[in-house]
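**Q** Let me begin by handing over the structure; questions about it come next.
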Amino acid sequence: MSESATTVEAPSGGLPPTGDEPGFFTKYGVTIVFLAPALALLGVWVVYPTISTIVRSFYDRSGDDFIGIDNYRRLFSDDTLVRAITNNFLWLLVVPFFVTAVGLVFAVLLERIRFSVAFKVVVFMPMAISLFAAGVIWRLMYEKDPSRGTVNAAIGVAHDAVSPSGALASALPSTEAVQGGTAGGLVLDEDLGPGDVARIGLTGIRASDVPDDAVQAVVPEALAGGITGVVWRDFKPGGGTPGELEPEEVGLPGVTVELRDASGRSALDTTTEPDGTFAFEDVAPGTYRAAIGAKSFQKSFAGISWLDERLITPAIMMAYIWVWAGFSMVVIAAGLAAIPRDLLEAARTDGASEWQVFRRVTVPLLAPVLSVVFVTMLIYVLKVFDIVIAIAPGSVQDDANVIALAMWRTSFGGVNDFGLGAAIAVFLFLLVIPILALNIRRFRSEV
Amino acid sequence: MATAAPPIDATVDAPVVIAEPTSAKIVRLLSRTPVYLVLAFIGLLWLVPTIGLFFTSLLPSSIVGTTGWWEVVSDPSIATLENYRGIFDNQAITSAIWTTLWISLGATFLPIFVASLAAYAFAWLEFPGRDSLFLVVVALLVVPIQMALIPIFSLYNDLGLFDTILGLVLFHTAFGLPFAIFLLRNFFIGIPRDLLEAARIDGASEFRIFFRVIIPLGLPAIASLAIFQFLWVWNDLLVALTFARETQPITVAIFSQMRQFSSNIELIAPAAFVSLAIPLVVFFAFQRYFVQGLLAGSVK
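Shown next as structure tokens:
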């Protein structure tokens, strides 16, 4: 030690010690030089603020008056803050579990295949992106309009495959002669018998929704023993007169027209021609109504409001799981690789099914790794901030609130109540300590 | 061979056919086809959001507000770089990118240098209370950043460090130290004692030993720390949002764009993509160092 102490005085040359009893600075000078920058930075930026924040949390907004634990009381009475705390506990309950579970499933699936590296890289990639950028990405993904938001577009494709949107999704009756609503379909309010001609005028159809093969609508000639008619777009550039079939107004092809008997049952149906005409031949005498069934008016999928106050938290959680699944997968896959193969083989030879092997051998052996992932996620989730502020639009941030976001908004987001903000920070600190104590113990035992 | 075989036996369990190695092989490959399909689907699911952002950034600004990114896939001719030209002509964005770079580099080199010095002292210098002090430093890992925001905000206002690159660098440095010291001390202590003793006997000063022996031997740990710290700072929003107004890094610049005009995707999408392209490059270049840092990052 003494060599090191003296060499700081004469770094160039390894001069012999002077022989005197060295003073404190002579003895520890080098140590001080090595340690001082770190200790100064930690003191000013970590230790002092921690103490100061704890003290500040007992003072009011202005910082002048000591108010005891009033700030902490508000933590559990203020609606916004209670919401933030409840949400954060929901996060703790849901997200670490799912991240660990998804990672486990991915890791186990990967184990059985070759070329797993590419998959790992793809799933792990979101980890490199900031949570904020991930938030921006998912904000776009969650757009409500299915023509822009990817999530709703995908749901829309599935939705349309199950119940396709009708040709006349936006259509309305052009005159009062046509009655009804989109739920039960539209009915022409006119008794029809063989030889009559029905005119069903519709409006509210966008030009882009008119089928390409549509041509000028015509009123068909009456048919002896049958009922004919036309379904047309009762609108032309400039408007036109409702109820009258005018030049430039086109027929609506491909519309299914029903002929309903007196009891309202659908007796016959047919489809319109390019000029909008339809014909029922050989209709039995009686009175009928011409109608267009509800199916034609089926609205297309309008999109789920992921970003409104009901779905915002689950939506953000899903984005968060997307980010962290890769981390979980990589750590668990490493644990999986360390499991002795012969243990699994032995279980299989004894006749255990794949599920039993997984449930009774793999998972118990993986328990330490799973708990590492779980605990790590608990800590990250407690402090979740960036992704929430990025995905939640300002109007629903109260509903999506979490502790770290509440702390920031209270202190810097316009309210500027440093007393309350400090109390929220201390609360977060108190929650983090027990989990972190666990984590650090693990680190120490590892090294 | 596997694809040519008819997929009838896909559901047969592998153990049943252990007796016939060749067919067992085929069966196993076939029984894995569903796994491959599932994984391919999941992989796509994980890629789409990022790719979607990239394609969105290529949409012409006239239709970006009304069109989904998949239009670029169905009609690649509409793709344009005009949005990227737009953000590189936008002085606020370009200066934000430079600010981010300076903050990230400064807040990577400074803490690693300071932490290396301290870690060496904790590992190889004798002084009273060394191990207790080390424990105290490691215990500072539990302090969440939120605990420091309010006092440092006031302090920076008094010192004129508010809204400066230096202020942000120093903050990130201090909060990066506990983990960096912890990791490096544990790495340095593994350096053979003989090596240091030999250097000391040769009359090398502690500083010489530090720069000539410790740093070169500690490079693997330092590199992994540097990558993690760089990405951590580059991706930071919380600290910058609190301490920066005009001198803002890219995350804050994008954030204020989103807050002011929620619909100008033609600016947000390319800027967000640029902001994540650099971490992605760093990530792909240094993947293997990454997970270790993340495991530890939870203690920040």
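Chains A and B supply the protein sequences, listed in that same order. Using the numbering used here, the letters of the first sequence map in sequence onto residues 897 to 1343. Using the numbering used here, the letters of the second sequence map in sequence onto residues -11 to 288. C-beta: ideal position from N, C-alpha, C; glycine also.
1. Would a check of beta-carbon distances place A/D1294 closer than 7 Å to chain B?
2. By how many angstroms is the C-alpha of A/V1053 removed from the C-alpha of A/A1187?
3. Can you confirm whether A/S1307, when its beta carbon is compared against all beta carbons of chain B, has any partner nearer than 7 Å?
4. Does the distance from the C-beta atom of A/P1022 to that of A/D1109 stay below 7 Å?
5. Considering only C-alpha positions, which residue in the set A/D1085, A/W1251 and A/T1209 is nearest to A/P1184?
6. Say whether the region 131 to 139 of chain B touches the region 70 to 84 of chain B, bearing in mind that this needs 3 or more beta-carbon pairs closer than 8 Å, one atom from each stretch.
7. Under 7 Å Cβ to Cβ from A/Y955, same chain only, skipping five residues before and after it: list those, please.
8. I need the boundaries of the beta strand (DSSP E) containing B/R188, first residue and last residue.
9. Opposite A/E1154 in the DSSP bridges: which residues?
10. Do A/L1027 and A/V1277 count as a contact pair if the criterion is CB distance below 7 Å?
11. Among all the DSSP beta bridges, which residues are the ones paired with A/F1174?
12. Do you know offhand how far A/L1301's Cα is from A/G1309's?
13. I want to see whether chain B comes within less than 7 Å of A/M1037, judged by CB atoms only; does it?
14. Can you tell me whether A/N1312 is buried or exposed? The criterion is at least 16 other CB atoms within 10 Å of its CB, across all chains shown.
15. Once DSSP output is grouped into helix, strand and coil, what is the label at A/A1234?
16. Report yes if the C-beta distance between A/L1344 and A/S1066 is below 7 Å; otherwise report no.
17. Using a beta-carbon distance below 7 Å, is B/V52 in contact with chain A?
18. Please state the DSSP three-state secondary structure of A/A1094.
19. Scan the region 1282 to 1293 of chain A for residues whose Cβ lies nearer than 9 Å to a Cβ of chain B and list them as they occur along the chain.
20. Could you pull the DSSP bridge partners for A/K1132 from this structure?
21. Please state the DSSP three-state secondary structure of A/Y924.
22. Under a Cβ-count criterion, where at least 16 other Cβ atoms within 10 Å of its own Cβ denotes burial, should A/T982 be classed as buried or exposed?
23. For chain E, check one thing: does any of its Cβ atoms lie closer than 7 Å to the Cβ of B/Y144?
24. Report, in whole angstroms, the separation of the C-beta atoms of B/V102 and B/L156, which I expect to be a contact under 8 Å.
25. When you compare only the Cα positions, how much space is there between A/I1356 and A/V1226?
26. May I ask which residues mark the beginning and end of the alpha helix (DSSP H) holding B/V60?
27. List, in chain order, every chain B residue whose beta-carbon is nearer than 8 Å to that of A/Y1430.
28. Cα separation between B/A2 and A/R1244?
29. Can you tell me which of B/A186, B/F218, B/I177 and B/F29 puts its alpha carbon nearest to the alpha carbon of B/P267?
30. Pull out every residue of the region 165 to 188 of chain B whose Cβ sits closer than 8 Å to any Cβ of chain A, in chain order.
31. Kindly list the residues whose CB is nearer than 6 Å to the CB of A/L977, restricted to its own chain and excluding five residues on each side of it in sequence; keep chain order.
32. Can A/V1127 and A/G1172 be called in contact, C-beta distance under 7 Å?
33. Quick one: using the 10 Å Cβ neighbour count with 16 as the cut-off for buried, is B/D224 buried or exposed?
34. If you reduce the DSSP assignment to three classes, tell me which class A/T962 lands in.
35. For A/L1326, count neighbouring C-beta atoms within 10 Å of its own C-beta (all shown protein chains included) and say buried if the count is 16 or more, exposed if not.
36. Can the beta-carbon of B/G206 be found less than 7 Å from the beta-carbon of B/P99?
**A** Taking the coordinates as given:
1. Numbered from its first residue, the first sequence carries residue 1294 of chain A at position 398. Chain B, which has no Cβ nearer than 7 Å to the Cβ of A/D1294, makes this no.
2. Counting from one through the first sequence, the residue named residue 1187 of chain A turns up at place 291. Counting from one through the first sequence, the residue named residue 1053 of chain A turns up at place 157. Take the alpha-carbon of A/A1187 and the one of A/V1053: they are about 29 Å apart.
3. Stepping through the first sequence from its first residue, residue 1307 of chain A is reached at position 411. For A/S1307, a Cβ of chain B is located within less than 7 Å of the residue's own Cβ.
4. Locating residue 1022 of chain A in the first sequence gives position 126, counting from the first residue. Locating residue 1109 of chain A in the first sequence gives position 213, counting from the first residue. Taking 7 Å as the Cβ cut-off, A/P1022 and A/D1109 do not qualify as a contacting pair.
5. Working through the first sequence from its first residue, we reach residue 1184 of chain A at position 288. Looking at the sequence itself, residue 1184 of chain A is Tyr, so the reference to Pro does not match. For the residues A/D1085, A/W1251 and A/T1209, the minimum Cα distance to A/Y1184 belongs to A/D1085.
6. Contact between the region 131 to 139 of chain B and the region 70 to 84 of chain B is absent, because fewer than three Cβ pairs lie under 8 Å.
7. To locate residue 955 of chain A, count along the first sequence from 1; it is residue 59. Once the five neighbours on either side are set aside, the close Cβ partners of A/Y955 are D961, F962, I963 and G1315.
8. The residue labelled residue 188 of chain B in the question sits at position 200 within the second sequence. Note, B/R188: premise wrong, no beta strand (DSSP E); alpha helix (DSSP H) at R181 to I189.
9. What you label residue 1154 of chain A is simply residue 258 of the first sequence in a count that begins at 1. Per DSSP, A/D1165 and A/A1187.
10. Taking the first residue of the first sequence as position 1, residue 1277 of chain A is located at position 381. Taking the first residue of the first sequence as position 1, residue 1027 of chain A is located at position 131. Cβ distance not < 7 Å, so A/V1277 and A/L1027 don't count as in contact.
11. Here residue 1174 of chain A corresponds to residue number 278 of the first sequence, with the count starting at 1. In the DSSP assignment, the residues bridged to A/F1174 are A/G1125.
12. Within the first sequence, the letter at position 405 stands for residue 1301 of chain A. Within the first sequence, the letter at position 413 stands for residue 1309 of chain A. Cα to Cα, A/L1301 sits roughly 9 Å from A/G1309.
13. Translated into the one-based positions of the first sequence, residue 1037 of chain A becomes position 141. Judged by the 7 Å Cβ criterion, A/M1037 is in contact with chain B.
14. Start at 1 with the first residue of the first sequence, and residue 1312 of chain A comes out as number 416. By the 10 Å Cβ count, A/N1312 comes out exposed.
15. Stepping through the first sequence from its first residue, residue 1234 of chain A is reached at position 338. The answer is coil: DSSP assigns A/A1234 none of H, G, I, E or B.
16. This structure cannot settle anything about residue 1344 of chain A, because the visible part of chain A is limited to 897 through 1343.
17. Locating residue 52 of chain B in the second sequence gives position 64, where the first residue counts as 1. Under the 7 Å criterion on CB atoms, B/V52 is classed as non-interfacial with respect to chain A.
18. Taking the first residue of the first sequence as position 1, residue 1094 of chain A is located at position 198. Here A/A1094 sits in strand by DSSP.
19. Listed by position, the residues of the region 1282 to 1293 of chain A near chain B (Cβ gap below 9 Å) are D1282, I1285, A1286, P1289 and G1290.
20. Reading the first sequence from its first residue, position 236 is the one you call residue 1132 of chain A. Residue pairing by DSSP puts A/K1132 in a beta bridge opposite A/G1135.
21. Position 28 of the first sequence, counting from 1, holds the residue named residue 924 of chain A. Helix.
22. On the first sequence, position 86 is the one that residue 982 of chain A refers to. By the neighbour-count rule (16 or more Cβ atoms within 10 Å), A/T982 is not buried but exposed.
23. In the displayed structure, chain E is absent; the protein chains listed are A and B.
24. For the purposes of this step, residue 102 of chain B is taken as residue 114 along the second sequence, with counting starting at 1. For the purposes of this step, residue 156 of chain B is taken as residue 168 along the second sequence, with counting starting at 1. Not confirmed; about 16 Å, so no contact.
25. Shown here, chain A extends from 897 to 1343; a query on residue 1356 of chain A therefore has no answer.
26. Your numbering for residue 60 of chain B matches position 72 in the second sequence. W58 to S62 is the extent of the alpha helix (DSSP H) around B/V60.
27. The requested residue 1430 of chain A does not occur in the structure, where chain A is confined to residues 897 to 1343.
28. The sequence position of residue 2 of chain B within the second sequence is 14, counting from 1. The sequence position of residue 1244 of chain A within the first sequence is 348, counting from 1. Model confidence at B/A2 stands at a pLDDT of 42, short of 50, so the residue's coordinates are unreliable; what they give is reported in the following sentence. Rounded to whole angstroms, B/A2 and A/R1244 show a C-alpha spacing of 11 Å.
29. Residue 267 of chain B sits at position 279 when you count from the first residue of the second sequence. Closest in alpha carbon position to B/P267, among B/A186, B/F218, B/I177 and B/F29, is B/F218.
30. For chain A, the residues of the region 165 to 188 of chain B that bring a beta carbon within less than 8 Å of one of its beta carbons are L165, P166, I169, F170, N174 and R188, in chain order.
31. Counting from one through the first sequence, the residue named residue 977 of chain A turns up at place 81. So the list reads L971 and A1302, once near-sequence residues are dropped.
32. For this step, residue 1127 of chain A is matched to residue 231 along the first sequence. For this step, residue 1172 of chain A is matched to residue 276 along the first sequence. Yes, they are a contact pair.
33. Within the second sequence, residue 224 of chain B is the residue found at index 236, counting from 1. Buried, by the Cβ-count rule.
34. Counted from its first residue, the first sequence places residue 962 of chain A at position 66. The sequence shown places Phe at residue 962 of chain A, not Thr. Reduced to three states, the DSSP call for A/F962 is strand.
35. Mapped onto the first sequence, residue 1326 of chain A falls at position 430. Flag for A/L1326 reads exposed.
36. Within the second sequence, numbered from 1, the residue matching residue 206 of chain B stands at position 218. Within the second sequence, numbered from 1, the residue matching residue 99 of chain B stands at position 111. Taking 7 Å as the Cβ cut-off, B/G206 and B/P99 do not qualify as a contacting pair.
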